[in-house]
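For the sequence shown, position 337 (counting from the first letter as 1) is numbered 340 according to my numbering, and the numbering increases by one without interruption. Reviewing the structure listed below.
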Amino acid sequence: MPGCSIIAVPGHNCWRQAKAERIAFLVDGEAYFSALKATMQQAHRSILIVGWEFDSRTRLERGPNATPPDTVGELLRRLVRTRPELQVHVLIWDPALLYAFDREFLPVVKHDWLSHPRLHFHLDDSHPLGASHHQKIVVIDDQVGFLGGMDISAKRWDTSGHLPGDPRRSDPGFPAYPPFHDLQVALSGPAATTLAEIARSRWRNATGRSLSPPPPATHDPWPAGLAADAENVVVAFSRTAPPWEGEGAIREVEHLFTDMVLAARRHIYIENQYFASRVVARALARRLHEDNPPEIAVVTSGYSSSFLERNTMGMSRVRLQERLQALDHGARLRLYAPQIGEGFLKIHSKVMITDGRLLRIGSANLNNRSMGLDTECDFFLEDAGRPDVAAAIAGLRDRLLGEHLGHQPTDVGEAIGRLGLHGAIIALSNGPRQLKPLPAAPLLPELLREGNLLDPDSPLETVLLAAAHPAAGAGGLRLAGRFTTGMILLALLALGAALWHSLPQSSWPYLDAFLAQLVAMRLNPLAGLLAVGSFLLLGLTGIPIFLVVVTTAAIFGLWPGGAYAFAGAMLSAALTYSIGRHLGRHTVRRLTSDRASRISRALLRHGVIAVAMLRLLPTASFTAVNLVAGATRLDTTTFLAGSTVGLLPMVLGFSLFGDRFAAVLMTPDVVNAGILAALTIGLATAGAALMSRIGRSAEANIGEAGGSQHRRGRR
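Okay, structure coming up:
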């Protein structure tokens, strides 16, 4: 029946459905930024911006016909100065140091503290370790909304011509970036109001403060000249959110991807920055097992922009592509990369079109993070029996393919009808713009191949919290108790050193003899071997590793004691890892109780990151982690890489403590005592911050990998 939803199911693969009076597909940055500027200039009461990134220096219009103000920062400041009722709220992911050099300097100071009081800027760190806020939403007066894959930031603007060397493709810090392709959707009416609810919910979660919706608008901020691709249609919004502070995971995006794949009859067209999702790959594999599966075309980037991307998302793409093509006896699945002249086009879009009747556009990548770890928001439209909506969806598919192939959309549509999806792509790849088949060739050797370095599908805290204590119930108390015990021991060591020379004079000869023995140990030619050997021996006993590090540095100093400690810790880790491989899972599970399965989940889901974090976690057993990693047969390279990353800062911190501990024993002056006190406070603060971050993930979510969904955002 026309107008009836078939795929979208609130509470399963979407949050809510709402009527969109108009929708428009904005292909590439020129179209989006131009429409965004025109809409913002119509704002009276509210501008909500929620994104992964934001740069106030971004120019919304470029070229000789651009009208001031041309940067988004200047535009927002002018609007709040001239419109007394306008409130602007900008919420951006807090990336800490990971992307510090790629982003605008001191954004909070620049936009929140030194700007207009009705321009509110906040960095969002309300998410688990390793997660990011990835939604890309703008809503004006709750009447017009935008969402998709584009942030208002550098390296996003381009025309659909993607001209090589276009001088307009230039931003502060990035004077000549390569061609870039992405997609946004504009919508108006109740659908925009619903999108504003999602943005305000995220603001509340990040800041603890609620935003009231503006009064009903008496004007229409839809930009003049922006033609609607469809009108008066029901759309849906799907979200991803990780479990956080007592609220369960939201995995609507994941379910919608699967449902769209399973609903396909003839073909699936995908544009996405990545192809690394295990869930989507399983759904595609299910279809490829059929006698007559649909044609599946995946358009993605022909290159990776960084070393980490090549060895995480890039390697996952290679692995999934190899496995799927082994099942694909009819060559129904093909991956393509858009080529322009001698180079490739950077694909950043997140689009999926099934049979020319189902469409999604949003922020969610085809990777594991977007299914359960990062916050995401996607728009979904189905034709529901309406020919005009089906024509709009198929028209967008033909327009996108026409852009990549250098042909008119009508030519693409005709070719698909005559030759099928892959046949049309092959037939029309005959000019300077083509879609090149992407071979399943390894990008680099098997470095970290099995470790999900940057692409886990669930929060790391939940498995770390479980791994850090033997029972899920009351785990937070046990976790805090173990940490407190360790910190008290550290403080007592520091206090004891400070009071060393307060002992009665009758004790001094014994103290001097002890210090002389300490010096003699440092001069022993076999000292290094003995120090490393002690790690190998004590690593089998379960003694906290930080105590052995402190002792080694106290005896041998920061150098070479720190080097001995690091070498000993790594060798001890390798030894117990090998023992775990030899003993096998059942024996190790008996030795480590039920902690083994939890540690196994952490290691297999999160790879290098999990190993590194378990090294830093002061309550996680060094010996148990090594044994379980070996018994689980975690890739050796992943284990050693994670151990190196985690042990380096741990060994350095506690070696500094041990070195200054010995210095206070030798020379108990104010300087040495002050440094030791500062190190004690610093180590305790760093450990408490890590424990607090982990503890903020609700224990009710331990072991949850996409279980029951708590309907966040309905409050």
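We put the beta carbon where it would ideally sit given N, CA and C, even for glycine.
(message) If contacts are defined as beta-carbon pairs under 8 angstroms, then GLY545 and THR626 qualify, I think. What distance do you get, rounded to the angstrom?
(response) Within the sequence shown, residue 545 is the residue found at index 542, counting from 1. Within the sequence shown, residue 626 is the residue found at index 623, counting from 1. Right, the Cβ-Cβ distance comes to about 5 angstroms (below 8 angstroms), so this counts as a contact.
(request) Report yes or no: do three or more beta-carbon pairs, one from the segment 227–234 and one from the segment 330–348, lie closer than 8 angstroms? (result) no
(message) Can you find the residues in the same chain that come closer than 8 angstroms, C-beta to C-beta, to LEU480, ignoring five residues on each side of it along the sequence?
(response) Numbered from 1 along the sequence shown, position 477 holds the residue referred to as residue 480. Here LEU480 scores only 41 on pLDDT, less than 50, and its place in the model should not be relied on; the value that follows carries that caveat. Nothing listed; no residue qualifies.
(request) Would you list the residues sitting across from LEU126 in a DSSP beta bridge? (result) Position 123 of the sequence shown holds residue 126. Looking at the DSSP assignment, LEU126 forms a beta bridge with ILE95.
(message) Using CA atoms only, rank isn't needed, just tell me which of GLN138, SER280, LEU431 is closest to ASN371.
(response) Counting from 1 along the sequence shown, the entry for residue 371 is found at position 368. Considering only GLN138, SER280, LEU431, the residue with the shortest C-alpha distance to ASN371 is SER280.
(message) Quick check on this structure: which residue in GLU345, GLY32, LEU574, GLU24 has the alpha carbon closest to the alpha carbon of ALA157?
(response) Counting from 1 along the sequence shown, the entry for residue 157 is found at position 154. The option with the nearest alpha carbon to ALA157 is GLY32.
(request) Going by CA-CA distance only, name the one from GLY164, GLY375, ALA572 that's closest to LEU651. (result) Numbered from 1 along the sequence shown, position 648 holds the residue referred to as residue 651. Nearest option by C-alpha distance: ALA572.
(message) By DSSP's criteria, PRO341 is part of a beta bridge. Which residues make up the other side?
(response) The residue you call residue 341 lines up with position 338 of the sequence shown. In the DSSP output, where bridge partners are listed per residue, PRO341 has LEU438.
(request) Could you pull out every residue in the same chain whose Cβ sits closer than 8 angstroms to the Cβ of GLN508, ignoring the five residues on either side in sequence? (result) The sequence position of residue 508 within the sequence shown is 505, counting from 1. Annotation note: pLDDT 47 at GLN508 (below 50); position unreliable, coordinate value reported separately. So the list is empty, once near-sequence residues are dropped.
(request) Using the DSSP secondary-structure output, state which residues sit across from TYR272 in a beta bridge. (result) Here the question's residue 272 lines up with position 269 in the sequence shown. Partner(s): ALA300, ILE356.
(request) Measuring alpha carbon to alpha carbon, tell me which of LEU29, GLY148, THR70, HIS136 ends up nearest PHE57. (result) As a position in the sequence shown, residue 57 is number 54, starting the count at 1. Minimum Cα distance to PHE57 is reached at HIS136.
(request) Give the secondary structure of ILE140 by DSSP, where H, G and I count as helix, E and B as strand, and everything else as coil. (result) Within the sequence shown, residue 140 is the residue found at index 137, counting from 1. Here ILE140 sits in strand by DSSP.
(request) Starting from the Cα of GLY542, find the closest Cα among THR590, HIS332, SER603, ASN629 and give me that residue. (result) Counting from 1 along the sequence shown, the entry for residue 542 is found at position 539. GLY542 has its Cα closest to that of ASN629, out of THR590, HIS332, SER603, ASN629.
(message) Using the Cβ count rule (16 or more neighbours within 10 Å means buried), how would you classify ILE52?
(response) Your numbering for residue 52 matches position 49 in the sequence shown. Sixteen is the threshold: when 16 or more other Cβ atoms of the shown chains lie within 10 Å of the Cβ of ILE52, as they do, the residue is buried.
(request) For my contact list, ARG65 and ASP144 are in at a C-beta cut-off of 8 angstroms; report their separation, rounded to the angstrom. (result) Taking the first residue of the sequence shown as position 1, residue 65 is located at position 62. Taking the first residue of the sequence shown as position 1, residue 144 is located at position 141. Rounded, the Cβ-Cβ distance is 26 angstroms, inconsistent with contact.
(request) Measure from the alpha carbon of PRO175 to the alpha carbon of each residue in ARG62, HIS270, ILE582, then state which is nearest. (result) Here residue 175 is taken as the residue at index 172 of the sequence shown, counted from 1. Ranking the options by Cα distance to PRO175, first place goes to ARG62.
(message) For the structure I just gave you, are there three or more beta carbon pairs, one from the segment 119–127 and one from the segment 178–187, closer than 8 angstroms?
(response) Not touching, per the Cβ criterion.
(message) Suppose you measure from the CA of LEU659 to the CA of ALA566; what does that come to, to the nearest Å?
(response) As a first step, residue 659 must be located in the sequence shown, where it is residue number 656. As a first step, residue 566 must be located in the sequence shown, where it is residue number 563. Near 12 angstroms, if we compare the C-alpha coordinates of ALA566 and LEU659.
(request) Taking only heavy atoms of the ligand COA into account, decide whether any of them is closer than 7 angstroms to the Cβ of ALA393. (result) Ligands are entirely absent from the displayed structure, and the ligand COA is therefore not among its contents.
(request) Give me the Cα-Cα distance between ALA252 and GLY168, rounded to the nearest whole angstrom. (result) In the sequence shown, counting from the first residue as 1, residue 252 sits at position 249. In the sequence shown, counting from the first residue as 1, residue 168 sits at position 165. Spanning the two alpha carbons is a distance of roughly 44 angstroms.
(message) Quick check on the DSSP output: the beta strand (DSSP E) that includes THR579 runs from which residue to which?
(response) The residue you call residue 579 lines up with position 576 of the sequence shown. For THR579, no beta strand (DSSP E) segment is defined; the enclosing uninterrupted segment is the alpha helix (DSSP H) at 561–586.
(request) Please go through the same chain and pick out, in chain order, the residues whose beta-carbon is closer than 8 angstroms to the beta-carbon of MET153, but skip the five residues on each side of it. (result) Position 150 of the sequence shown, counted from the first residue, corresponds to residue 153. GLY32, TYR35, LYS139, ARG159, ASP185, LEU186, GLN187, HIS351.
(request) Pick out whichever of GLY677, PRO297, LEU682, ILE612 has its Cα sitting closest to the Cα of GLY423. (result) For the purposes of this step, residue 423 is taken as residue 420 along the sequence shown, with counting starting at 1. Cα-wise, what sits closest to GLY423 is PRO297.
(request) Compare the C-alpha of VAL631 against each of VAL673, ARG588, THR647 and name the closest. (result) Within the sequence shown, residue 631 is the residue found at index 628, counting from 1. The shortest Cα separation from VAL631 among VAL673, ARG588, THR647 belongs to ARG588.
(request) In angstroms with no decimal places, state the Cα-to-Cα distance between LEU539 and SER575. (result) Taking the sequence shown and counting its residues from 1, one reaches residue 539 at position 536. Taking the sequence shown and counting its residues from 1, one reaches residue 575 at position 572. Taking the straight line joining both Cα atoms gives about 5 angstroms.
(request) Starting from LYS22, follow the alpha helix (DSSP H) in both directions and report where the run begins and ends. (result) Your numbering for residue 22 matches position 19 in the sequence shown. Element bounds for LYS22: not the alpha helix (DSSP H) but the beta strand (DSSP E), 19–30.
(request) In the DSSP assignment, find the alpha helix (DSSP H) that holds GLY54 and state where it starts and stops. (result) As a working note, residue 54 is residue 51 in the sequence shown. GLY54 -> not in any alpha helix (DSSP H); beta strand (DSSP E) instead, spanning 49–54.
(request) With a 10 Å radius around its C-beta and 16 neighbouring C-beta atoms as the bar for buried, classify GLN411 as buried or exposed. (result) Position 408 of the sequence shown, counting from 1, holds the residue named residue 411. That one is exposed.
(message) Going residue by residue through the segment 391–422, where are the continuous beta strand (DSSP E) segments of at least 3 residues, counting only ones entirely within it?
(response) none
(request) Decide if SER510 is buried, meaning its Cβ has at least 16 other Cβ atoms within 10 Å, or exposed. (result) Here residue 510 refers to the residue found at position 507 of the sequence shown. Residue placement at SER510 is poorly supported in this model, since its pLDDT is 47, which falls under 50; the coordinates are not used for a value here.
(request) Name the two residues that bound the continuous alpha helix (DSSP H) containing ILE201. (result) The residue you call residue 201 lines up with position 198 of the sequence shown. Looking at the DSSP string, the run of the alpha helix (DSSP H) that includes ILE201 is 193–210.
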